[in-house]
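**Student:**
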Amino acid sequence: METLHYLQTFIHYTLHFLAPGLLSYVFFRKQWKRAWLIMIATMLVDLDHLLATPIFAPDRCSIGFHPLHSYYAIAVYFILLFFPKTRIIAVGLLFHMLTDWQDCQWH
Numbered sequence: 000m001e002t003l004h005y006l007q008t009f010i011h012y013t014l015h016f017l018a019p020g021l022l023s024y025v026f027f028r029k030q031w032k033r034a035w036l037i038m039i040a041t042m043l044v045d046l047d048h049l050l051a052t053p054i055f056a057p058d059r060c061s062i063g064f065h066p067l068h069s070y071y072a073i074a075v076y077f078i079l080l081f082f083p084k085t086r087i088i089a090v091g092l093l094f095h096m097l098t099d100w101q102d103c104q105w106h
């Protein structure tokens, strides 16, 4: 069981930090380094974890629990895809939500 925990953690952080680099290179090639940094910056959405008690609970699913991980917030992130100036941020936020959602599937 401990091996699965390490695998989950590895996949989670790989998706949070390395996958956005790949997405940036594929979809925003002319500015991929900038896009990658912006997508990494969308990790700030996790500040909403500070509103929870306890702040970190390994078995808690973030999606639908934290305000910036709510279905309403995800709908706003989706709408941001349609505006060129917010598209990179939207991709970063939506991929962050996808990463956190897949994390929920382990439990």
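Heads up: the sequence shown at position 79 corresponds to 78 in numbering that gives the first Met the number 0, and the numbers run straight through without jumps. Glycine included, C-beta positions come from ideal geometry on N, C-alpha and C.
1) When burial is assigned at 16 or more other CB atoms within 10 Å of the CB, is residue 102 buried or exposed?
2) Comparing alpha-carbon positions, which option in 7, 29, 11 and 57 lies nearest residue 87?
3) Closest by CA to residue 56, which one among 1, 106, 2 and 3?
4) Closest to residue 37 by C-alpha separation, out of 104, 93 and 52, would be which residue?
5) Determine the contact status of residue 15 and residue 95, defining contact as a CB-CB distance below 8 angstroms.
**Tutor:** Here's the rundown:
1) Buried: at least 16 other Cβ atoms inside 10 Å.
2) Comparing Cα-Cα distances from residue 87 to each of 7, 29, 11 and 57, the minimum goes to 29.
3) Scanning 1, 106, 2 and 3 for the CA closest to the CA of residue 56 turns up 106.
4) For residue 37, the closest C-alpha among the options 104, 93 and 52 is that of 93.
5) Yes, these two residues count as a Cβ contact at 8 angstroms.
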